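Peer 1:
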Amino acid sequence: MWHGLFAAPDSDQRLTEIRLIVQTVRVPRTVLAIVAGVALGVGGALIQGYTRNPIADTGLLGVNTGASFAVVSVIAVFGFSNPFQYVWFAFLGAAVAGVVVFGLASIGRGAGNPLTLALAGQGITVFLMAMTTAVALSNQASLNALRFWNAGSVAGVEFDVIWPVTAFIAVGLVLALTTLPTINLLNLGDDVARGLGVNIALSRTIGIVAITLLAGAATAACGPIAFLGLMVAHVARYLTGPDYRWLVPYAGLLGAIVLLVCDIVGRLVVRPGELDAGVVVALLGAPFFAALVWRGKFKNA
1 MWHGLFAAPD
11 SDQRLTEIRL
21 IVQTVRVPRT
31 VLAIVAGVAL
41 GVGGALIQGY
51 TRNPIADTGL
61 LGVNTGASFA
71 VVSVIAVFGF
81 SNPFQYVWFA
91 FLGAAVAGVV
101 VFGLASIGRG
111 AGNPLTLALA
121 GQGITVFLMA
131 MTTAVALSNQ
141 ASLNALRFWN
151 AGSVAGVEFD
161 VIWPVTAFIA
171 VGLVLALTTL
181 PTINLLNLGD
191 DVARGLGVNI
201 ALSRTIGIVA
211 ITLLAGAATA
221 ACGPIAFLGL
231 MVAHVARYLT
241 GPDYRWLVPY
251 AGLLGAIVLL
261 VCDIVGRLVV
271 RPGELDAGVV
281 VALLGAPFFA
291 ALVWRGKFKN
301 A
């Protein structure tokens, strides 16, 4: 590994091949796992804080299904085959879905209520899932791309995608850090937070924008990875307590560690083949979610 990264070029063909594999395959894969893990971990902690729902995940805003619908649509219409071509449409689809969900949750009676946000997110998610299935079944190329992309993988993504995605995630992290003290106040209840001078509408808007940037960029780059934000947010809460000034950074760190470890495990358990990181995370996350519900943790929101 170190030779592949730092050694000077030489005439040994085997070492040259190792260097090529490390620099063009392993390093981008590792960087994406870390960056996406941080984004999904922070996004998962934020969405739980803003909705006061400890079983919420970033998929609640419809970003996963928004990205999926965008991918199959542009492949069906434009015939794109390179991930670099459709990753930006995936991010755009995730962002639009997040904006629509937040917009629907902000109008009418119950505007800004966490329950309204959850219901709006579920409605948009079901609608986009149906539309995605309809488009994919009518176009073989879209169906093939969706099968690969929906598994959630950090493999095969190059730095020409990773660096721009990292920039969006960095903006989302900055916005997230500015809202951490406010989330603590919002979790005391809207009336208490308003009495303490919190602009609830503005705070939630900034939070939703941050979550959309984080989850949308990560999902666009490596596909939907379920349960990661949910799991690491709960582990971070166990380690730090309910203070989001500590909980969110810990969730980001744990997200990077868990996604990277799951990617490594996926490469080892079925050699010479591999399991996508999203599959390994789901194998861990589904029992975790079941145990969470069984223990009644959702009652302690």
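Everything in the sequence shown is counted per the numbering used here, starting at 1 for the first residue and increasing by one.
Here a beta-carbon is modelled for each residue, glycine too, at the ideal position from N, C-alpha and C.
Computed from a prediction, not measured in an experiment: that's the story for all the values here.
1) With distances taken from CA atoms, which of ALA151, TRP163, ILE211 and LEU185 is nearest ASP263?
2) Near GLY37, what residues of its chain come up, given a Cβ to Cβ distance below 6 Å and the 5 sequence neighbours on each side ignored?
3) Taking 8 Å as the threshold, find out whether the segment 40-47 comes into contact with the segment 66-74 through three or more Cβ pairs.
4) Is the distance from the Cβ of GLY103 to the Cβ of VAL63 below 8 Å?
5) Would you say GLY278 and ILE225 are within 8 Å of each other, going by their C-beta atoms?
6) Look up GLY4 in the DSSP assignment and say whether it is helix, strand or coil.
7) Got a sec? Which residues, its chain only, sit under 7 Å from LYS297 by beta carbon, not counting five neighbours each side?
8) In terms of residue numbering, what span does the alpha helix (DSSP H) encompassing ASP263 cover?
9) Between the Cα of VAL232 and those of VAL198, ALA33 and LEU40, spot the shortest distance and give me the residue it belongs to.
10) Look at the alpha carbon of VAL42 and the alpha carbon of ILE169, and state the distance between them as a whole number of angstroms.
11) Which term fits ALA286, buried or exposed, when burial requires 16 or more other beta carbons within 10 angstroms of its beta carbon?
12) Exposed or buried, what is ILE124 when buried is set at 16 or more other beta-carbons lying within 10 Å of its beta-carbon?
13) Can you round the beta-carbon distance between TRP149 and GLY223 to whole angstroms, since I take them to be within the 8 Å contact cut?
14) Return the residue from the list VAL22, ARG271 and THR219 that minimises the CA-CA distance to ALA90.
15) Pull up the distance between the alpha-carbon of ALA301 and that of ASN187, whole angstroms please.
16) What does the Cβ neighbour count give for VAL293, buried or exposed, with the cut at 16 atoms within 10 Å?
17) Is it the case that the segment 202-217 contacts the segment 167-184, given that we only count it when at least three CB pairs across the two stretches are under 8 Å?
18) Between LEU302 and VAL126, what straight-line distance do the alpha-carbon atoms span, to the nearest angstrom?
19) Restricting to runs no shorter than 4 residues, where is the alpha helix (DSSP H) found entirely within the segment 103-186?
Peer 2: Well, looking at it:
1) ALA151
2) GLY255, ALA256 and LEU259
3) no
4) no
5) yes
6) Residue placement at GLY4 cannot be trusted, given a pLDDT of 49 that sits under 50; the coordinates are not used to answer.
7) Legend: pLDDT at LYS297 = 47, less than 50; position of this residue unreliable, value from coordinates given subsequently. Closer than 7 Å at Cβ, skipping near neighbours: PRO54.
8) 244-268
9) LEU40
10) 10 Å
11) exposed
12) buried
13) 5 Å
14) THR219
15) With a pLDDT of 47 at ALA301, under the threshold of 50, the modelled position of this residue cannot be trusted, and the question is left open.
16) exposed
17) yes
18) In the structure as shown, the chain starts at 1 and stops at 301, and residue 302 therefore has no counterpart that could be examined.
19) 114-138, 140-149 and 159-186
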